[in-house]
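Asker: Just dropping this structure here.
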Amino acid sequence: MRQIDRAIGDAVRVLDVGAGTGSYEPTDRTVVAVEPSRTMIEQRAPGSAPVVQAVAQNLPFVDGQFDVAMAVLTVHHWADVDAGIAELRRVSRRQLVLTYDPKLHARFWLCDYIPEIAYFELDRAPTVERLTSLLESQDIRTLRVPADMRDGVLTANWQQPQAYLDPAVRACCSGLAQLDQDAVDAGIRQLSTDIADGTWARRYGHLNARPDYDGGYRLIVAEP
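Going left to right, the sequence shown walks through residues 1 to 224 as the UniProt record's numbering numbers them.
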């Protein structure tokens with residue numbers, strides 16, 4: 001994402017915490033990745049940044065080792081958010097945290113079909129206000145979702161409801177994959193019906209006129 005690259009700025013040493021497969025890592029810097037899941041580590045592409053298997057709340061690095069520590073769409077998975085943010089601040093001089101506002105997430109139209117999404121996100125995701133307080137930053141940047149978003153985040157297909165009918169698409173969204181699948185299936189059946197009879201278009205077709213959508217994604221930038 002361009003906004004992440006701009007926020008990294010002229011930093012040379014970059015730490016990517018909760019890196020997953022490395023989708024957001026810059027390729028023109030010295031990057032070290034941290035990922036707790038062996039499965040995700042094994043899915044990293046050949047030639048990607050070196051990766052350490054560890055958790056955010058216990059980073060195996062010395063104080064100030066990195067120019068930037070980035071955490072992209074990962075804090076809602078952390079067992080201890082406070083400790084994880086403290087570790088980011090300990091090992092780097094600047095921190096970039098891409099998160100989402102769970103209240104805005106809960107307003108996404110897919111939650112009308114699967115309301116369990118809203119309850120799940122409100123329960124697991126730390127608020128933007130909490131994160132900015134932990135980071136001691138008020139630099140909050142809105143990242144709107146373009147109509148041609150390729151990442152598999154929950155709101156990526158906000159203009160393409162038919163995409164959510166695909167089990168492979170749903171499997172890429174942790175907010176769907178971790179729910180009771182009977183509830184998901186029931187909502188998807190109703191969505192399929194509403195797409196076919198034009199109900200979805202009547203309710204949400206106005207979105208097709210927009211170039212992008214505010215899915216609640218926020219980039220928090222913290223500097224000394």
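Even glycine gets a Cβ: it sits at the ideal position worked out from N, Cα and C. No experiment lies behind these values; they were computed from the predicted model shown.
For VAL169 versus ALA177, is the C-beta distance shorter than 8 Å?
Answerer: The sequence position of residue 169 within the sequence shown is 169, counting from 1. The sequence position of residue 177 within the sequence shown is 177, counting from 1. Against a cut-off of 8 Å, the Cβ pair of ALA177 and VAL169 comes out as no contact.
Asker: How about LEU207 and TYR213: are their beta carbons less than 8 Å apart?
Answerer: For the purposes of this step, residue 207 is identified with residue 207 of the sequence shown, where counting begins at 1. For the purposes of this step, residue 213 is identified with residue 213 of the sequence shown, where counting begins at 1. Their beta carbons are under 8 Å apart, which means LEU207 touches TYR213 by this criterion.
Asker: Please report the Cβ distance between SER48 and ASP151, rounded to the nearest whole angstrom; I am assuming they are in contact, meaning their Cβ atoms lie under 8 Å.
Answerer: By one-based count along the sequence shown, residue 48 stands at place 48. By one-based count along the sequence shown, residue 151 stands at place 151. SER48 to ASP151, Cβ: 17 Å. No contact.
Asker: To the nearest whole angstrom, what separates the beta carbons of ILE8 and PRO26, a pair I think is in contact under 8 Å?
Answerer: Stepping through the sequence shown from its first residue, residue 8 is reached at position 8. Stepping through the sequence shown from its first residue, residue 26 is reached at position 26. Between PRO26 and ILE8 the Cβ distance is about 6 Å, and since that is below 8 Å, they are a contact.
Asker: I need the straight-line Cα distance from PRO46 to ARG144, nearest angstrom please.
Answerer: Here residue 46 refers to the residue found at position 46 of the sequence shown. Here residue 144 refers to the residue found at position 144 of the sequence shown. Taking the straight line from one Cα to the other gives about 30 Å.
Asker: With C-beta atoms as the reference, is LEU154 less than 8 Å away from ILE188?
Answerer: Within the sequence shown, numbered from 1, the residue matching residue 154 stands at position 154. Within the sequence shown, numbered from 1, the residue matching residue 188 stands at position 188. Going by C-beta atoms, LEU154 is not nearer than 8 Å to ILE188.
Asker: Just to confirm my understanding: we take GLN3, look at its own chain, exclude 5 residues before and 5 after, and list those with CB closer than 7 Å. What are they?
Answerer: Numbered from its first residue, the sequence shown carries residue 3 at position 3. Counting only Cβ-Cβ distances below 7 Å, and skipping sequence neighbours, we find ARG141, LEU143 and LEU219.
Asker: Would residue 235 be called buried (16 or more neighbouring beta carbons within 10 Å of its own) or exposed?
Answerer: Missing from the structure shown is residue 235; the chain here goes from 1 to 224 and no further.
Asker: Using a C-beta cutoff of 8 Å, does PRO36 count as contacting chain B?
Answerer: Going by chain labels, chain B is absent from the structure shown, which holds only one protein chain.
Asker: Could you pull out every residue in the same chain whose Cβ sits closer than 7 Å to the Cβ of GLY216, ignoring the five residues on either side in sequence?
Answerer: Locating residue 216 in the sequence shown gives position 216, where the first residue counts as 1. The residues are TYR100, ASP101, LEU104 and HIS105.
Asker: What are the start and end residues of the alpha helix (DSSP H) that includes ALA125?
Answerer: Here residue 125 refers to the residue found at position 125 when the sequence shown is read from its first residue. Note, ALA125: premise wrong, no alpha helix (DSSP H); not H, not E.
Asker: Hey, VAL52 and VAL32: beta-carbon distance below 8 Å or not?
Answerer: By one-based count along the sequence shown, residue 52 stands at place 52. By one-based count along the sequence shown, residue 32 stands at place 32. Cβ atoms of VAL52 and VAL32: closer than 8 Å.
Asker: Mind reading off the beta-carbon distance from GLY84 to VAL75? Whole number of angstroms is fine, and I expect it under 8 Å.
Answerer: As a working mapping, residue 84 is identified with position 84 in the sequence shown. As a working mapping, residue 75 is identified with position 75 in the sequence shown. Rounded, the Cβ-Cβ distance is 7 Å, consistent with contact.
Asker: Can you look up TYR204 in the DSSP assignment and give me helix, strand or coil?
Answerer: Counting from one through the sequence shown, the residue named residue 204 turns up at place 204. Helix.
Asker: Run through DSSP, which three-state label would ASP212 get?
Answerer: The residue labelled residue 212 in the question sits at position 212 within the sequence shown. Three-state DSSP puts ASP212 in a strand.
Asker: What is the DSSP secondary structure of GLN181, reduced to helix, strand or coil?
Answerer: As a first step, residue 181 is located in the sequence shown; it is residue number 181 there, counting from the start. Of the three classes helix, strand and coil, the one that applies to GLN181 here is helix, per DSSP.
Asker: Can you name, in chain order, every residue of its own chain whose Cβ lies under 8 Å from the Cβ of PRO224, other than the five neighbours on each side?
Answerer: The sequence position of residue 224 within the sequence shown is 224, counting from 1. So the list reads ARG93 and ARG94, once near-sequence residues are dropped.
Asker: Kindly give me the distance between the Cβ atoms of VAL68 and VAL14, rounded to whole angstroms, as I take these residues to be in contact under 8 Å.
Answerer: The residue labelled residue 68 in the question sits at position 68 within the sequence shown. The residue labelled residue 14 in the question sits at position 14 within the sequence shown. Going by Cβ atoms, the distance from VAL68 to VAL14 rounds to 5 Å, so yes, they are a contact pair.
Asker: Report the CB separation of LEU131 from VAL97 in whole angstroms; it is logged as a contact under 8 Å.
Answerer: On the sequence shown, residue 131 is found 131 positions in, with the first residue counted as 1. On the sequence shown, residue 97 is found 97 positions in, with the first residue counted as 1. The beta-carbon distance between LEU131 and VAL97, rounded to whole angstroms, is 6 Å. This is short enough to meet the 8 Å contact definition.
Asker: Give the secondary structure of ASP194 by DSSP, where H, G and I count as helix, E and B as strand, and everything else as coil.
Answerer: The residue you call residue 194 lines up with position 194 of the sequence shown. If DSSP states are grouped into helix, strand and coil, ASP194 belongs with the helices.
Asker: Ordered along the chain, which non-local residues of its own chain (more than five positions away) have a Cβ less than 8 Å from that of TRP78?
Answerer: Indexing the sequence shown from 1 puts residue 78 at position 78. In chain order, GLY18, VAL55, ALA56, GLN57 and GLY84 place their CB closer than 8 Å to the CB of TRP78, counting only its own chain and leaving out the 5 sequence neighbours on each side.
Asker: According to DSSP, ALA86 sits in a beta bridge with which residue or residues?
Answerer: Here residue 86 refers to the residue found at position 86 when the sequence shown is read from its first residue. Partner(s): none; ALA86 has no beta bridge.
Asker: Short check: CB of GLN181 to CB of TYR113, under 8 Å?
Answerer: The residue you call residue 181 lines up with position 181 of the sequence shown. The residue you call residue 113 lines up with position 113 of the sequence shown. Taking 8 Å as the Cβ cut-off, GLN181 and TYR113 do not qualify as a contacting pair.
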